[in-house]
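One structure is given below, encoded as structure tokens.
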Amino acid sequence: MSGHLSPPRFSSHRRFLELKLSDLHKCSDLGSLLQIHSQIIRLGLHLDPFVAPKLITAYSLCRRPSAAAAVFDLVPNPNSHLFNTLIRAFSHNSLPSLSFLALSRMQLSAIPVDSFTYHFLLKSSMGILRRLEVIQAHIVKLGFLSDIFIPNTLIDCYSKVGEAGIIAARKVFDEMPMKDVVSWNSMIAALARAGEIWDAKQMFDEMPERDTVSWNTMLDGFVKSGEVDSAFDLFRKIPDRNVVSWSTMLSGYCKKGDFEMARLLFDKMPVRNLVPWTIMISGYAEKGLAAEASSLLDRMENAGLVPDSAATISILTACSESGLLALGKRIHTAAKKKKQNLTTQIGNALVCMYSKCGDLDDSWIVFNEILVKDLVSWNSMLQGLAMNGQGKRALELFASMKEEGITPDRVTFIGVLCACNHIGLIKEARWHFASMKKDYGIIPEIEHYGCMIDLLGRGGLLMEAYSLAKTMPFEANAIIWGSILNSCQVHNNVSIAERIVDELIDMEGIDTGDIAIISNIYASAGRWDGMAKARMKMKDMGKQKQAGSSWIEIDDAVHEFTVGDRMHHQADRILKMIDRLGKHLKHLGSAVEAA
DNA sequence: ATAGGGTTAG
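Position one of the first sequence corresponds to residue 171 (our numbering), numbered consecutively onward.
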């Protein structure tokens, strides 16, 4: 054999490993990482000061913070660099309290902190104003503001905590003795995020030098503020447009629904990576343009591109919004082909997509395939069951979720109340509504009140529904009034219906659908005068408000319905069936009442 | 020689 031609075994291993080691910190596949890690241990390199940080970084990338911590714990005398890497791992995996625990360990062992340490602590505290302020105080005392990375990070972090944050960000920016282009770019992004788009533009005009990021930041500001025309004016002036500039512009036109412009730019752009493809496909999908989305996905695959997790998630989300089950399934199949484990995020997006498309069986299958379920997974499944009339199963899921030790949040309770609503459990709903505040400290929001009001109304407790809508700590919106109005129709209650119409008129939220309902209510009460008046009013309003519609996808064809339309080619059969279902329900209802 | 950091698109 040719064994004598191969180099000695050990050195070949070693060379193989060296190749892997240089890129180890970029390894995002857990399987390969475990393989490399075991070889590293065999060679005794896991304590090497240049290898250990890379291992920690890799585990962080693979979303295994506890493995990262385990690598750290084996190193006998960790230095600042290793501590910083660990804090970054915690920060990337949203474990801020562990970041701070690491900081105290550093202080206890008298390991010097540096600006890197504080950089990662800032990133860990993203979105929490109070914490950012405390860290900033430390930073000032320790003199780390002189490292320009730090104030630049501060601007970014502050700008992500809303109203109060933007003032703090501005203060940091104004007090910087030296600013670089990143400082300006971060401040422009901050102002744009706060909705101060014209202040951002002024700053953009004033800044001493602009790079491509500056132009793209301003461009994105315009797009996110809905100023697509201003964005395009700016786009045309960009000296060196890159794929980000084109993509930002694309997303602006897609959100507006101007696919002619979007497609024009997409076909014209010189370089396309996954992002512009994703924007276009999701853009079409979000607006329900199934054929366009699907054929573009064909083209993308023919170009040899495979959706990554971001592309997968954003296309799935778009499918959820418009109920494109076929496209969603296609993306699911593509994701399965990759033979990688189902990640929590992709699993969640799939559960949500299947639920919103009404395909509960597949939703349930995916939910059970998610190995590491987070709160979002449970909430999505719960809401899916609740939305699709499986109230009982939803409440069972809520129970098992608590058994698993998952703490419910505000979204969970929207699902729970919605589930009670679907099966008419008024008593249980009242209990959960009280419990969310008492046992979990969650203050009910307008959505929770909305659920309760809808539930009371459907149960015929119209007066209670009405008074809850009047006394809750939020101003009732047209959706809430509309829901009680619907119930008034079901329970033939004229007087409350009239009050609600007054409320809707007061807030200028009345539409033709509401008038149609009140007209029906008058009609069934034999109040022909009221009915005629309502009909007049409806004619008056004309079609000034676009009626809502619903649609369903069957065998790749989308069927759309609006109130009172008979456009569908099988409208007669459909209406007959609805009539039959209605009678059937009435029959069941009276059977229940009799029992 | 080899390691952690800030701004823009899905």
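Every residue gets a Cβ at the ideal spot worked out from N, C-alpha and C, and that includes glycine.
By a C-beta neighbour count over all protein chains shown, 10 Å radius and 16 as the cutoff for buried, is residue 749 buried or exposed?
Your numbering for residue 749 matches position 579 in the first sequence. Its Cβ having fewer than 16 others within 10 Å, residue 749 is exposed.
I'd like to check one pair, residue 453 with residue 492: are the Cβ atoms closer than 7 Å?
Taking the first sequence and counting its residues from 1, the one referred to as residue 492 is at position 322. Taking the first sequence and counting its residues from 1, the one referred to as residue 453 is at position 283. Not in contact: residue 492 and residue 453 (Cβ atoms no closer than 7 Å).
Does residue 462 come out as helix, strand or coil in the three-state DSSP assignment?
Along the first sequence, one-based indexing puts residue 462 at 292. In the structure shown, residue 462 sits in a helix (DSSP, three-state: H, G or I).
Under a three-way DSSP split, which group does residue 591 fall into?
Along the first sequence, one-based indexing puts residue 591 at 421. Helix, per DSSP.
State buried or exposed for residue 526, treating a residue as buried only when at least 16 other CB atoms are found within 10 Å of its CB.
As a working mapping, residue 526 is identified with position 356 in the first sequence. Result: buried.
Quick one: is residue 754 buried, meaning 16 or more other Cβ sit within 10 Å of its Cβ, or exposed?
As a first step, residue 754 must be located in the first sequence, where it is residue number 584. It is exposed - the Cβ of residue 754 has fewer than 16 other Cβ atoms within 10 Å.
Once the 5 residues before and after residue 488 are set aside, which same chain residues still bring their CB inside 6 Å of it?
For the purposes of this step, residue 488 is taken as residue 318 along the first sequence, with counting starting at 1. If we look at residue 488 and ignore the five residues flanking it on each side, its Cβ neighbours are 452, 455 and 456.
Distance, residue 543 Cα to residue 482 Cα:
Within the first sequence, numbered from 1, the residue matching residue 482 stands at position 312. Within the first sequence, numbered from 1, the residue matching residue 543 stands at position 373. Spanning the two alpha carbons is a distance of roughly 18 Å.
Roughly how many whole angstroms lie between the Cα atoms of residue 742 and residue 649?
One-based indexing of the first sequence puts residue 742 at position 572. One-based indexing of the first sequence puts residue 649 at position 479. Taking the straight line from one Cα to the other gives about 30 Å.
Assumed close pair residue 561, residue 593 - CB separation to whole angstroms, cut-off 8 Å
Mapped onto the first sequence, residue 561 falls at position 391. Mapped onto the first sequence, residue 593 falls at position 423. Going by Cβ atoms, the distance from residue 561 to residue 593 rounds to 4 Å, so yes, they are a contact pair.
Within the same chain, show all residues whose beta-carbon is closer than 7 Å to that of residue 305, passing over the 5 residues directly before and after it, in chain order.
By 1-based counting over the first sequence, the position of residue 305 is 135. 288, 291, 292 and 295, listed in sequence order.
Determine the burial state of residue 171: buried for a count of at least 16 other Cβ atoms within 10 Å of its Cβ, exposed for fewer.
In the first sequence, counting from the first residue as 1, residue 171 sits at position 1. The predicted position of residue 171 is uncertain, since its pLDDT is 38 and thus under 50; a value taken from the coordinates is nonetheless stated next. Classification for residue 171: exposed.
Among 259, 326, 375 and 522, which residue has its Cα nearest to the Cα of residue 231?
Counting from one through the first sequence, the residue named residue 231 turns up at place 61. The candidate whose alpha carbon is nearest that of residue 231 is 259.
Nearest to residue 360 by alpha carbon, out of 467, 326, 582 and 347?
Position 190 of the first sequence holds residue 360. The shortest C-alpha separation from residue 360 is found at 326.
Look at the alpha carbon of residue 135 and the alpha carbon of residue 333, and state the distance between them as a whole number of angstroms.
Given a span of 171 to 765 for the chain in the structure shown, any question on residue 135 remains unanswerable.
Proximal residues to residue 363 (C-beta, below 6 Å), its chain only, five neighbours per side dropped:
In the first sequence, counting from the first residue as 1, residue 363 sits at position 193. Closer than 6 Å at Cβ, skipping near neighbours: 329.
Along the alpha helix (DSSP H) that carries residue 413, what are the first and last residues, could you check?
Locating residue 413 in the first sequence gives position 243, where the first residue counts as 1. 413-426 is the span of the alpha helix (DSSP H), which, as asked, contains residue 413.
Indicate the three-state DSSP secondary structure (helix, strand or coil) for residue 611 in the structure shown.
Position 441 of the first sequence, counting from 1, holds the residue named residue 611. DSSP places residue 611 in coil when its eight states are reduced to three.
Neighbour-count burial assignment, residue 249, 16 or more Cβ in a 10 Å radius
For the purposes of this step, residue 249 is taken as the residue at position 79 of the first sequence. Exposed, because fewer than 16 other Cβ atoms sit within 10 Å of the Cβ of residue 249.
Give the range of the alpha helix (DSSP H) segment to which residue 640 is assigned.
By 1-based counting over the first sequence, the position of residue 640 is 470. Residue 640 -> alpha helix (DSSP H) spans 632-641.
Could you check how far apart the C-beta atoms of residue 479 and residue 515 are, in whole angstroms? I think they sit under 8 Å.
In the first sequence, residue 479 corresponds to position 309, counting from 1. In the first sequence, residue 515 corresponds to position 345, counting from 1. Confirmed, about 7 Å.
Which stretch, first to last residue, makes up the alpha helix (DSSP H) that contains residue 624?
In the first sequence, residue 624 corresponds to position 454, counting from 1. Looking at the DSSP string, the run of the alpha helix (DSSP H) that includes residue 624 is 616-628.
CA-CA distance, residue 541 and residue 520?
As a position in the first sequence, residue 541 is number 371, starting the count at 1. As a position in the first sequence, residue 520 is number 350, starting the count at 1. For residue 541 and residue 520, the distance between alpha carbons rounds to 14 Å.
Sort 233, 640, 697 and 609 by Cα distance to residue 622 and report the nearest one.
Sequence index remark: in the first sequence, residue 622 carries index 452 (1-based). Of the candidates 233, 640, 697 and 609, the one whose C-alpha sits nearest the C-alpha of residue 622 is 640.
Straight-line CA distance for residue 530 to residue 212?
The residue you call residue 530 lines up with position 360 of the first sequence. The residue you call residue 212 lines up with position 42 of the first sequence. Distance between the alpha carbons of residue 530 and residue 212: 48 Å.
Environment of residue 476 [buried if 16+ CB atoms lie within 10 Å]:
Taking the first residue of the first sequence as position 1, residue 476 is located at position 306. Result: exposed.
Residue 513 - DSSP class collapsed to helix/strand/coil
Locating residue 513 in the first sequence gives position 343, where the first residue counts as 1. Coil at residue 513, not helix or strand.
Within 10 angstroms of the Cβ of residue 415, are there 16 or more other Cβ atoms? Answer buried if so, exposed if not.
On the first sequence, residue 415 is found 245 positions in, with the first residue counted as 1. That one is buried.
Measuring only the C-alpha atoms, how far is residue 684 from residue 696?
Along the first sequence, one-based indexing puts residue 684 at 514. Along the first sequence, one-based indexing puts residue 696 at 526. Looking at the two C-alpha atoms, the distance is approximately 18 Å.
Between which residues of its own chain and residue 299 is the CB-CB distance below 7 Å, once the five residues before and five after are set aside?
If you number the first sequence from 1, residue 299 lands on position 129. Cβ within range, chain order: 331, 334 and 335.
Near residue 484, which residues of its chain fall below 6 Å by C-beta distance, leaving aside the five closest residues on each side in sequence?
Taking the first residue of the first sequence as position 1, residue 484 is located at position 314. Result list for residue 484: 448 and 452, in chain order.
Could I get the ranges of all uninterrupted beta strand (DSSP E) runs contained in the region 432-502, with 3 residues as the minimum, in chain order?
none
Own chain partners of residue 576 with C-beta closer than 7 Å, once the 5 adjacent residues on each side are dropped
One-based indexing of the first sequence puts residue 576 at position 406. Closer than 7 Å at Cβ, skipping near neighbours: 545 and 548.
Which runs of the alpha helix (DSSP H), 4 residues or longer, sit entirely within the region 510-555?
514-526 and 530-539
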